[in-house]
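Written below as structure tokens is the structure these notes are about.
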Amino acid sequence: LAQRLAAEIGTVPGLDGIVPVAHTEGATAHRPNNETEVLRTLAGFICHPNVAAVVAIDEGTEAINNHALAAFMARHGYPLADVPHRFLSAGRAPGQMLRLVRRYVVDSLPQATATPRSRLPLAGLRLALQCGGSDAFSGVSGNPLAARLARELIRHGGTAIQAETDEIVGAEAYMLERVRDQATAERLLAVIERFRERLAWHGATVEANPSEGNRLRGLYNIVLKSLGAAAKKAPDVRLDAVIDYAEPVSTPGFVFMDSPGNDLESVAGQVAAGANMIVFVTGNGSVTNFPFVPTLKIVTTTERYQLLSREMDINAGAFLDGTPMDALVSRSFEKLVRTAFGAQTLGERAGHAQVSIWRNWHYSGPPATGSDACSVPPPAGIPIDIAPRAAPLPVPPRLPGWRRPDGTATLERLGLIMPVSLCAGQVARLAARHLESRELGSRTDIERFVALPHTEGCGFAGERLHRQLLALYQLHATHPAVATALFLEHGCEKTPNDIVRSHLAASGLDPDSFGWASIQLDGGIEAVLAKIERWFATHLPPGTGEWQRTVIPLTDLHLGIISPDTIAPSTEPNPGRGPALGEIVHAFLARERAVFIPHGDPLWTDAGFLDALSSRPLRNSSRTPTLALAQAPARPGLHIVDTEATTLAENIAALVAAGAQAIVVPAEGGLIPGHPLVPVIGLPGAPRGAQALLDSLADRLQSSRTDPSVEAPAPVFQIPRGRDGIST
């Protein structure tokens, strides 16, 4: 919506742009553990001084919806009435939503642009102090420079906000050398203890914080990392306040905000607290940006600055090369002031941004004994045993598609850019668009280039989640629809390319059959886009190779079925639809294909579905999961997937990872997310027979690919965190 709207409206005097702030949180049916954090963040975004007008879009049925947000803002005194705003629900086609949003935006432009840019006191600046991709020099050059900038701003009456609670563990004494009062000191220690306790509920400790990039570059434990991170507070600066995540800052000075060490989750909280500029210190060369707050990037060494000169704003490595710190502070502060007055940072010119709010955590207290998910072995991957009824099967419709060299049928032939972390996601999306614009696919019979941006791979804890991420990356790169795939790293994540390569090799795959690119090591965004284009151009054979264009029976595909109320099962499953779906399952099983259904799907309590599925009763023990999240089946058949998902989009992603090539959502309405790799088809309407449902599915599959007037669901890719994953 934001892209189409920005293109339609164009440049508006007094308005810097129209930006989307998409995020993953609050879409569950039940109140999440991070409810307060999410509501504070969204409220802070809406009332942020950089925001001229807001359209808040929900689905309407989720736990954190517009009604809950408006009530929270009223209850806590957020000045919503001062902001031109509109709350909308997205249960409409994208074209209709675009028209509604466009009408509101056009109507709000006079009020949104009424305030001209003018000179204001520096006391109005609130600086978010961040670091990411830290190295051994972060605490020597980059963070001390950021600290001096913060001190200078505070001297002018401004505010600096430091965050990342687990990244001051081991540096508590330094942080409290100068503190406002005993209550503030005790508050900081209590926040740290609360963070430790929450990690412990999930079987993690703060030692899980350092990434592979940190360790490679000298920060091999949390104490070393914290001593460098704490240097963002100058020794002579007083700690004035400690606030909760996204809590509005009420006083100037130096403030510490509780947050995970995950850079982007932390930044979102700082912005919601009121930060209107971000100073981001990086050793490796993080290229992340925020949609409506400028980010000044400080890199710690001259060597890395030269490698990434189109991404980094300030070279703190000049201090290591002999430039006096006072001189470096002086010219850096001038750049900070120019940025505050409207000069664009390099990140703003690059035109990409990422948002991630502090992600939900599974446990709200110590888990029950024996609930450790890590200790439970995965299922064997064997489908459930059913006894098919002796009934004629529906005739499978036929669709244009492909046969892979091994005979596997697929609807499309795709090129995949698989980002291995949140910070690589937006660049992966830029790469896919770049390849499409270069029409590389038309020369190689690649129908689409696809990226799968997601929120994982960076600041998280959980050994099981780590293993699942690697398996999910592999399963998507080897999905039947993917002709060739390239892995893209940011360069400082917990699942970098080297770790992925080792995982692929251990799984019996040849890592050299995939492409590999690094935003940081390859020299920044422009350079890595060029490298990605070269790789695909040289590793895609002209023509179809051994793939064959053909017409395939619909039932030659692996199918996923998910009910729209899987997350919050209905007490009364849809009567009449179950028997037809049961017959459709048999049509696919008869072709020796796999059908995947989530473990919590209401179909497993639908008597009509179960009766059509098997001529003998299915015991409850027969309905235990046959596949874990990120597990491929040992053989085709009917599989029950323990998706560990909390949203419909996460459930869909889990089924596609298992091997589903099309997803059916027997929906009566509401918003259905799409998936970048495979078609997601809603089947509304009154209950019909199996043949009619199968024909309708084929018609919708075909029209979604060939009819421009058919608006497909917006593609969403989100990896489930599971039961023990947690932000660090």
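Residue numbering for the sequence shown follows the working numbering, beginning at 539 and increasing consecutively.
Note that the Cβ used here is the ideal one computed from N, Cα and C, for glycine as well.
For clarity, every value in this text was computed on a predicted model and none was experimentally measured.
Check	Outcome
Any contact of the stretch 1135-1148 with the stretch 1229-1239, i.e. 3+ C-beta pairs under 8 Å?	no
Suppose contacts are defined by Cβ-Cβ distances below 7 Å. Is Q1012 in contact with L1167 by that definition?	no
Any contact between the stretch 750-767 and the stretch 666-677? By contact I mean 3 or more CB pairs, one from each, below 8 Å.	yes
Please classify A1017: is it buried, with 16 or more other beta-carbons within 10 angstroms of its beta-carbon, or exposed?	For the sequence presented, residue 1017 should be read as His rather than Ala. Per the 10 Å Cβ criterion, buried.
Does the beta-carbon distance from V1066 to A1075 come in below 7 Å?	no
Between W1142, E1001, A929, which has its C-alpha nearest H740's C-alpha?	E1001
Below 6 Å CB to CB, which residues in the same chain sit around R1259 once its five sequence neighbours on both sides are set aside?	none
Return yes when the Cβ of L539 is within less than 7 Å of the Cβ of V639, no when it is not.	yes
Mind checking whether L1059 and V817 have CB atoms under 7 Å apart?	no
On a CA-only basis, which of Q541, F583, P570, P1217 is nearest V988? Give me that one, please.	P1217
Given this structure, state the Cα-to-Cα distance separating V1089 from G997, to the nearest angstrom.	45 Å
Determine the extent of the beta strand (DSSP E) in which L1151 is found, giving its start and end residues.	Taken as a continuous stretch (DSSP letters only), L1151 belongs to no beta strand (DSSP E), being part of the alpha helix (DSSP H) at 1145-1151.
Kindly indicate the opening and closing residues of the alpha helix (DSSP H) around R842.	840-845
Can you check the stretch 1010-1074 for any beta strand (DSSP E) of at least 3 residues that lies completely inside it and give the ranges in chain order?	1020-1027, 1053-1056
Mind the definition here: the stretch 760-777 touches the stretch 706-719 only if three or more C-beta pairs lie below 8 Å; say whether that holds.	yes
DSSP state of T1109, grouped into three classes?	Low per-residue confidence applies at T1109: pLDDT is 37, beneath 50, and the placement is therefore not dependable enough to give any value.
Output the distance between the C-alpha atoms of G995 and L762, rounded to the nearest integer angstrom.	22 Å
In terms of DSSP beta bridges, what is A594 paired with?	F625
When the Cα atoms are used, what is the spatial distance from F792 to A628?	40 Å
For the beta strand (DSSP E) that contains Q1229, what are its first and last residues?	First-last for Q1229: 1228-1244, but that is the alpha helix (DSSP H), not the beta strand (DSSP E).
Could you check which residue in E1031, H1028, A1023, I1057 has the C-alpha nearest to that of L1042?	A1023
Going by DSSP in three states, N853 sits in which element: helix, strand or coil?	strand
Can you grab the Cα-Cα spacing for the pair A723 / N1189, in whole Å?	43 Å
In chain order, which continuous runs of the alpha helix (DSSP H) of length 4 or greater are located wholly inside the stretch 742-815?	750-754, 760-767, 801-811
Between D554 and A591, what straight-line distance do the alpha-carbon atoms span, to the nearest angstrom?	12 Å
How would you call E1110, buried or exposed, if buried means at least 16 neighbouring beta carbons within 10 angstroms?	The pLDDT assigned to E1110 is 43, lower than 50, so where the model puts this residue is not dependable; a value taken from the coordinates is nonetheless given after this. Burial call: exposed.
So the alpha helix (DSSP H) F583 belongs to, where does it begin and stop?	573-584
S1108 to A1252, Cα distance in whole Å?	Because S1108 carries a pLDDT of 43, less than 50, the predicted location of this residue cannot be relied on, and the following value inherits that uncertainty. Those two C-alpha atoms are separated by around 25 Å.
Residues in the same chain with beta-carbon distance under 7 Å from A878, minus the five sequence neighbours each way, listed in chain order, please.	L663, M815
Using the C-alpha atoms, what's the distance from P916 back to E785?	41 Å
Would you report the Cα separation of L607 and L580, rounded to the nearest angstrom?	8 Å
For L577 and T1184, I'd like the C-alpha separation in whole angstroms.	18 Å
For A881 and L1186, what's the separation of their Cα atoms in angstroms?	41 Å
Less than 7 Å separating the beta-carbons of P1204 and R1261?	no
Which partner residues of F998 appear in the DSSP bridge assignment?	S1265
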